[in-house]
Structures are given as C-alpha cells and as structure tokens.
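Colleague: Residue numbers (my numbering), protein chains in the order written: chain A, 1 to 452; chain B, 1001 to 1089. Idealized CB from N, CA, C, for every residue including glycine. Below you'll find the structure I mean.
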C-alpha cells in the first residue's frame, strides 16, 4: 500500500527539486540510407527519421501527463553520418546535416545527434569530409549536434584528428561568431565515446545498436542536494548511502518511463543513463551538491574527492533500479549549464586545471567551457589531447566541448540561452603546445596491467 | 488502470464532493480515500480505477489539472505504478 508520505515526497521532488526525465532519445540506424548521390541520400535520411520518430514527441507528452513527470527533451540520435555518407560522391556532408535538421523540426525534437565520425585509430575519406563539413553544418542548421571520437583505450589517440579538431573548433567558433560561437556548443570531441548515449551534444546511434531503440537520461541534482541537506555533519558513509537511495528513486522513474515509451512506440527500450545532469536553474546544480558536502566553493581542495564519492554513489544507487544501464552514466559538470559551476568559475576558484582533475573521477569531461577568442587551435588541440589521455588511461569516456568565443576575453560572459546557459570566459595557459600538436601520428594504446 | 489522485490546497467546504463528482462523470471508480488537514492545508489522496473511463488517461489527468486551476487547488491524477517503482524495491 502506498503511503501519502511517499506520494507527496515524489510530488515535492518534481515541484520543488527539479526532478524530471531529462531526455528520451530515439536512436535510429541510417545504415540503409547510403547512396552515391548525396541528395538522394539526404532524402532517404529525412524520410527514415521522420517515419521512425513520427510519434516520439506525442507519445512523450502523453506519458508526461499519465505519470505526472516532466520529460524535458525528446531527441533523436542517428548512425554516425561519416559512415552513412562514405558512399556519396561528394566533398561535403552539409546536405545531410540539413536533412537531419529538417527532420528534427518536422518531428518536433529540439536536438538531433549523430553528425559524427569515429576516428580513434585513423580516418576514412568519409571521416575527413565529415570533419571538414562541421563548421558549415553547425552554422546552417539549428538542431544538429556533431561529435568526433579521437581516442580509445584499445586504439590510443589519433593525434592527427586531435590537431584537426582544434582547427575545426576554431573555425566553427568564427563562422558562428554572430552568436558568440554557439556552433561549438553543439560540437563535442570524445575519447571512448559510447554508442547508446541519450545526452546531447554527444549522442549518436552506434553500429552495434539495433535498428531503432529508446534510451533515457534522468536528472536530479536538486533532489540529491535536498537529501544531503538532511544529513549535515554526518560521516561520508551516511552521505554515500543517502545519495544511493536518492539515485535509486530517480533511476526507477527513468526505467518505468523508458519501458512505457518503448512499448507504445513499438521500439525496444535500450538503457537508462544514470546521470546527474544539471540545468542553469537555481537548485539544480551539481556544484552545490559538492559544496553541501562541506566545501566553501566548488573547485577548492577536496572537490575531486567529493565528486568521486558523488559519482560512484549515483551509479551504485542507480544500477539496481534499472535492468539495463548504459550511456555516459555519471555526474556531469558542464560549466555553463550549472548555476553553482558558473559562480565558482566567476569567483576564480574553479579553474580549467581543476576541472581537468575532476574529469578523472566523473562523467564526462571539460564540458561547456568558454575560453578567450584568441585561444589558438593548437592550444585547443592540446586541451583535447589531455582529456583524451585521461579517458584512454582510465578506460572511461572523456570529452571536450569548448567555446573559443570570438572577441571575448577573460571576465566576459558568453550567453548561450536555454538549457545551454551562460559561460564565464575562463583563462587558458598562454604557453604554446604548437610543436607538440604538429608532430601528428598516434599515441599508442596504454598498458592495461601494472596499474599505478 | 489504477491511478492516484492527490488534492492539495486551502481547506473549504465541498472539495471532496466536487472532485468526486467530476471523477464520477468520467466513469472513474474511487477505491480508497485518505484525507488530512496539515497546517491549514487540505491534503487528500485517492486510489482510483480508470479502466471504465472513456477518456484516455493523459486527457483525464489534464481534465483534473484544469479542474484544480478552477478551484484554486492542486489536483493531480497520476498512474499508481510510478510511485510503487520509486518507493518499493
């Protein structure tokens, strides 16, 4: 029998603590859309997406009402476009990005991911074309997200691709300068990218995935923060238990919504991504959770340990609540999308170097970080290389989503709007890494034993 | 399908009557009611069966939500399985 206390506590989480389903993301395979003519390929891409995801938004909204739980985003991920476009006789995949954008608008989803390439060991012709198409694609489309996987634990790091992506990010920022380099907010560079990630900008539908499936990303930093307020001054054992119990509830909600949505759309349910995804709203911040554990400001000494505990407890609590867990699964620390992170970065306590250390123990990486507009492509590549190395050595996903905001300097703010929030421009080291990046080649895959 | 109706707001005469009338009009059967007044706030929880209702559940939930707005209360109808999933191992 349900108690009134349980029911009211759930409603309280939704009303006051920002509990929601962050996204239901439909993954769609486009492997059967290949064609020599890029325009025919684009038509096939549009037709397939709109056919498969026709009822996604409508079904999502019905479920929202039935369960009384907000589903903030309905999204689509597709097969990496470099694979789909490889057959086309063309030197640009921008028409495919436009087809994806049109399909996203037709289906009513706010983002579509998969303008992607997987180049951890080397690049095919299609991979190079895709990377070269990114700046223009980010400019002419509104909802398309791009990602490139440049490294993995098994393959090492493709430093030619790392060098290339530094230049691509710079170019994307310049070509979208009217919007403070907004194009870069839709572009992420990965190491160890996962194939079933429901979260943007890095979502794509991997080749090991089924024809079509539904993945769910949950949220709930506000709920965890509130739960920790009730265990002030208690030892970390209690803190970890409290987070686990909260994560269990959040994940169960994601599981039931995912299964129900899959059933109605006649699509298999894939995974729940056990993530704590913040929003710019006050009370929905991961940084504030870390501060609640006893840190004056997020970014000070102790932050990495606090984040390690949080990340682990979220996974332990969530893993039992869902029959399939996957995606990125961990606490996100996007600076611009987290009110507490923004404040910590503006105060100068949270630096790029500290964020890099934090990414060793959590999902996903240097996320939504604005740096000065005059940051060189080599420096951006070097930042990517550092993150990819952390991912490669620790067998985890890491990523860089960085915005070298044109014309902006340290102390300025970049306004992205909506869920993307606003990012204070953070300083980078002025010393050059140009000769390091110019070497090119591959960093070999690391040893998986003798770990120290 | 089993659903939970919760009504929260300032206490006054006739809340239960009005809510139950609306539920009856849509062929929703009330299985259980518990109700209390907490800090002058009327709080009611009902377990209902919606299987005989011609309205789809999502529309029923919207109808109750709208009624809540009219009455100056929060009225929600939500599927019961979500609460079971979240609060029972």
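Whose C-alpha, out of A:448, A:447, A:125 and A:292, is nearest the C-alpha of residue 233 (chain A)?
Modeller: A:292
Colleague: May I ask you to report which of helix, strand or coil DSSP gives residue 1002 (chain B)?
Modeller: strand
Colleague: Is residue 1066 (chain B) close to chain A? Criterion is C-beta to C-beta, closer than 8 Å.
Modeller: For residue 1066 (chain B), the answer is no, since every Cβ of chain A falls outside 8 Å of its Cβ.
Colleague: Identify whether residue 147 (chain A) lies in helix, strand or coil by the three-state DSSP scheme.
Modeller: In the structure shown, residue 147 (chain A) sits in a strand (DSSP, three-state: E or B).
Colleague: Just to confirm, does residue 101 (chain A) get its C-beta within under 7 Å of one of the non-hydrogen atoms of the ligand HEM?
Modeller: The ligand HEM is not part of the structure shown, which contains no ligands of any sort.
Colleague: Would you identify the three-state DSSP class for residue 412 (chain A), choosing helix, strand or coil?
Modeller: Assigned with DSSP and collapsed to three states, residue 412 (chain A) falls in coil, not helix or strand.
Colleague: Apart from the five residues on each side of it in sequence, which residues of its chain come closer than 8 Å, Cβ to Cβ, to residue 23 (chain A)?
Modeller: Only 71, 72, 73, 74, 75, 198, 199, 200, 216 and 217 meet the Cβ criterion.
Colleague: Look up residue 320 (chain A) in the DSSP assignment and say whether it is helix, strand or coil.
Modeller: Residue 320 (chain A) falls in the coil class under three-state DSSP.
Colleague: Does DSSP put residue 356 (chain A) in a helix, a strand or coil?
Modeller: Three-state result, residue 356 (chain A): helix.
Colleague: Near residue 79 (chain A), which residues of its chain fall below 6 Å by C-beta distance, leaving aside the five closest residues on each side in sequence?
Modeller: 29, 30, 31 and 205
Colleague: Please report whether the beta-carbon of residue 6 (chain A) lies at a distance below 8 Å from any beta-carbon of chain B.
Modeller: Yes, its Cβ sits closer than 8 Å to a Cβ of chain B.
Colleague: What are the boundary residues of the beta strand (DSSP E) that residue 215 (chain A) is part of?
Modeller: 212–218
Colleague: To the nearest angstrom, how far is it from the Cα of residue 1015 (chain B) to the Cα of residue 1043 (chain B)?
Modeller: 10 Å
Colleague: Pop quiz: residue 224 (chain A) and residue 246 (chain A) are said to be a contact at Cβ under 8 Å. What is the actual Cβ separation, rounded to whole angstroms?
Modeller: 5 Å
Colleague: I believe residue 303 (chain A) touches residue 354 (chain A) by the beta-carbon criterion, under 8 Å. Please report the beta-carbon distance rounded to the nearest angstrom.
Modeller: 7 Å
Colleague: Could you round the C-beta distance between residue 4 (chain A) and residue 1045 (chain B) to whole angstroms and report it? I think they count as a contact, below 8 Å.
Modeller: For residue 4 (chain A) against residue 1045 (chain B), the beta-carbon gap comes to about 5 Å, under 8 Å, which counts as contact.
Colleague: Whole angstroms is fine: what's the gap from residue 267 (chain A)'s alpha carbon to residue 113 (chain A)'s?
Modeller: 18 Å
Colleague: In chain order, which beta strand (DSSP E) runs of at least 3 residues are fully inside the region 360–397 of chain A?
Modeller: 365–372
Colleague: With a cut-off of 8 Å, do at least 3 Cβ pairs link the region 82–93 of chain A to the region 32–48 of chain A?
Modeller: yes
Colleague: Spell out whether any CB of chain A is found under 8 Å from the CB atom of residue 1006 (chain B).
Modeller: yes
Colleague: Assign residue 127 (chain A) to one of two classes, buried (16 or more other C-beta atoms within 10 Å of its C-beta) or exposed (fewer than that).
Modeller: buried
Colleague: Take the Cβ of residue 260 (chain A) as the centre, count every other Cβ of all protein chains shown within 10 Å, and call the residue buried at 16 or more, exposed below.
Modeller: Its Cβ being crowded by 16 or more others within 10 Å, residue 260 (chain A) is buried.
Colleague: Applying the 10 Å Cβ sphere with the 16-neighbour rule, what's the burial state of residue 18 (chain A)?
Modeller: So residue 18 (chain A) ends up on the buried side.
Colleague: With DSSP collapsed to three states, give me the class of residue 453 (chain A).
Modeller: Only positions 1 to 452 of chain A appear in this structure, which leaves residue 453 (chain A) out of reach.
Colleague: Return helix, strand or coil for residue 513 (chain A), following the three-state DSSP convention.
Modeller: With chain A represented from 1 up to 452, any question about residue 513 (chain A) goes unanswered, as that position is not in the structure.
Colleague: Who are the neighbours of residue 255 (chain A) on chain B, taking C-beta pairs under 8 Å?
Modeller: 1085
Colleague: Using Cβ-Cβ distances below 9 Å, what residues of the region 57–69 of chain A are close to chain B?
Modeller: 61, 62, 63, 64, 65, 66, 67, 68 and 69
Colleague: Under 9 Å, CB to CB, which of the residues in the region 1018–1034 of chain B have a partner in chain A?
Modeller: 1032 and 1034
Colleague: What did DSSP end up calling residue 178 (chain A) once you bin it into helix, strand or coil?
Modeller: helix
Colleague: So with Cβ pairs under 8 Å, would you call residue 1052 (chain B) a contact of chain A?
Modeller: no
Colleague: Taking only runs that begin and end inside the region 43–93 of chain A, name each unbroken alpha helix (DSSP H) of 4 or more residues, in chain order.
Modeller: 56–67 and 81–85
Colleague: What does residue 1076 (chain B) reach in chain A if we use C-beta pairs closer than 8 Å?
Modeller: 11 and 68
Colleague: Is the number of C-beta pairs between the region 334–352 of chain A and the region 403–420 of chain A that are closer than 8 Å three or more?
Modeller: yes
Colleague: Using C-beta distances below 6 Å, list every residue in its chain close to residue 1029 (chain B), excluding the 5 sequence neighbours before and after it, in chain order.
Modeller: Only residues of its own chain outside the window of five on either side were considered, and among them 1049 have a CB closer than 6 Å to the CB of residue 1029 (chain B), listed in chain order.
Colleague: Quick check on residue 2 (chain A) - is its C-beta less than 8 Å from some C-beta in chain E?
Modeller: Structure shown: chain E not included; protein chains present are A and B.
Colleague: I'd like the ranges of any alpha helix (DSSP H) spanning at least 4 consecutive residues and lying wholly in the region 251–328 of chain A.
Modeller: 286–292 and 303–319
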